[in-house]
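Residue numbers (UniProt numbering): 1 to 325.
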């Protein structure tokens, strides 16, 4: 009997999706049964220790998939649309759009939850643990990051970060290349290695603390913290005040927030302020100064600079366009 490889995990999971055809092999696209939903799965393996899976489907009804992994593996994923929740080892992880995540899995049970009538689009890149360790080796053979140490007693672990515009472009090009069926193996392999380098730098070289792990109660508290900040973006509480409001120490809040949303509390607030400002400038009747104050900037000049840096134009330009359109 042939020993199971990490590819077998993909086979087991895809069998749960109720596809029209055999899920084994390198066939694409595979379609969901019409009674279950609509959409496709594309699988490619540019080399033996890599598997690429593009998932693009919608379930007619909310769906829970109970899955038992047979082989340890590591997967790098990018969520484009929709989202899903993964529950394993008593911890609930939320995979959200606009983020990429590094997921570690060893034999054990996991539960995946999908929402009805919500398009789910994701690209996953799976590798065995041996390849992950090879990627993490220094020039002298030392390895500072170990699969077993990261997982600890758990069967599943996920690190998540928000994608930059450059990262979105790289992920999108790879996904489209896989779906088209025109991308050569060497092109896929180069693109995959580039994305793995980006992920390893993000999660293990840029100050990310891999020791932070969140349970369901902590996830709920951090979601509440984000809600509070957005509701009071004009006059937000300090980090210490916010931590007291949700009943969590400030260090856990700070690190947990970054794990969930891929940015700091106030980095996220800054982005949300500018997005709200863009909306107000496009559809409202307010001046630049009024919008600046409404989203929490006391200095309109500083607001204009931040807006220009993010959107590439002055906020006053949007006001003039609105008035003369």
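Cβ atoms here follow ideal geometry from the backbone N, Cα and C, with glycine treated the same way.
All values reported here derive from a predicted model rather than from experimental measurement.
Cβ-based neighbour list, residue i, same chain, cut-off 8 Å, excluding 5 preceding and 5 following
i           : result
residue 33  : 18, 19, 20
residue 192 : 46, 50, 52, 125, 174
residue 186 : 46
Contacting residues, own chain, Cβ-Cβ under 6 Å from residue i (five flanking each side not counted)
i           : result
residue 200 : none
residue 285 : none
residue 202 : 161
residue 208 : With a pLDDT of only 47 at residue 208, under 50, the local geometry of the prediction cannot be trusted, and the value read off the model is given with reservation. Excluding sequence neighbours, residue 208 sits near nothing in its chain.
residue 68  : 109
residue 292 : 300, 303
Boundaries of the alpha helix (DSSP H) in which residue i is found, first to last residue
i           : result
residue 62  : Run containing residue 62: none; DSSP gives neither H nor E here.
residue 197 : 185-204
residue 35  : Looking at the DSSP string, residue 35 is not in any alpha helix (DSSP H), and its letter there is neither H nor E.
residue 120 : Premise fails: residue 120 lies in the beta strand (DSSP E), 120-128, not in any alpha helix (DSSP H).
residue 18  : Note, residue 18: premise wrong, no alpha helix (DSSP H); not H, not E.
Beta-carbon proximity list for residue i, same chain, < 7 Å, skipping 5 on both sides
i           : result
residue 314 : 304, 308
residue 245 : 228, 237
residue 134 : none
residue 194 : 170
residue 311 : 278
residue 97  : 79, 80, 81, 82, 83
residue 165 : none
First and last residue of the uninterrupted beta strand (DSSP E) at residue i
i           : result
residue 77  : 73-81
residue 101 : 99-105
residue 91  : 91-95
residue 137 : First-last for residue 137: undefined, no H or E at that position.
residue 116 : Where residue 116 is concerned, there is no enclosing beta strand (DSSP E), given that its DSSP letter is neither H nor E.
residue 84  : 84-88
Anticipated Cβ contact below 8 Å, residue i with residue j, distance rounded
i           : j           : result
residue 239 : residue 254 : 7 Å
residue 319 : residue 288 : 6 Å
residue 163 : residue 232 : 27 Å between Cβ atoms; not a contact.
residue 37  : residue 56  : Not quite, the Cβ-Cβ distance comes to about 11 Å (not below 8 Å), so this is no contact.
Would you call the region 216-223 and the region 110-127 touching, i.e. three or more CB-CB distances under 8 Å?
no
Every unbroken alpha helix (DSSP H) inside the UniProt domain "HTH araC/xylS-type" (223-321) [4 residues or more]
239-246, 250-261, 265-283, 288-294, 300-311
Quick test of the definition: if touching needs 3 or more C-beta pairs under 8 Å, does the region 61-76 touch the region 93-112?
yes
Does the region 84-93 come close enough to the region 167-183 that 3 or more CB-CB pairs lie under 8 Å?
no
With three or more C-beta pairs closer than 8 Å as the rule, is the region 150-165 touching the region 114-123?
no
Residue ranges of each beta strand (DSSP E) run of no fewer than 3 residues wholly in the region 148-173, ordered along the chain?
156-162
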